[in-house]
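These notes concern the structure reproduced below.
In our numbering, the protein residues as written are 7 to 106.
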């Protein structure tokens, strides 16, 4: 198929499909990261969520976002605060050891 037989609208539609696929892949990685970061889920529930997302990709992501999406931001914020505190503690320990 050459450029003259592939209309511009089809190029646009293909680009939209590729963008949606990339966005969905990013969403899946974000959800899986949130599943494993959740301390309120036990191992079996985590496995069930991951399996549900891989067996029913679109529906699984939507159900996860509806069921547990309200707490995703809070878990992200807690993880970021823990990383920031660990970084600051590390910097303090290094600065303290350089002074001695």
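We treat Cβ as the ideally placed atom computed from N, Cα and C, and that holds for glycine.
Given this structure, state the Cα-to-Cα distance separating residue i from residue j, to the nearest angstrom.
| i | j | result |
| --- | --- | --- |
| residue 61 | residue 97 | 44 Å |
| residue 22 | residue 15 | 11 Å |
| residue 53 | residue 101 | 43 Å |
| residue 90 | residue 50 | 30 Å |
| residue 17 | residue 26 | 14 Å |
| residue 67 | residue 93 | 32 Å |
| residue 81 | residue 48 | 16 Å |
Taking the CB atoms as reference points, tell me whether residue i and residue j lie closer together than 8 Å.
| i | j | result |
| --- | --- | --- |
| residue 34 | residue 72 | no |
| residue 12 | residue 37 | no |
On a CA-only basis, which of the options is nearest residue i? Give me that one, please.
| i | options | result |
| --- | --- | --- |
| residue 88 | 49, 43, 15 and 102 | 43 |
| residue 77 | 27, 46, 18 and 26 | 46 |
Below 8 Å on the Cβ atoms is my contact criterion, and I expect residue i with residue j to pass it. Report the Cβ-Cβ distance as a whole number of Å.
| i | j | result |
| --- | --- | --- |
| residue 32 | residue 55 | No, residue 32 and residue 55 are not in contact; Cβ-Cβ is about 18 Å, not under 8 Å. |
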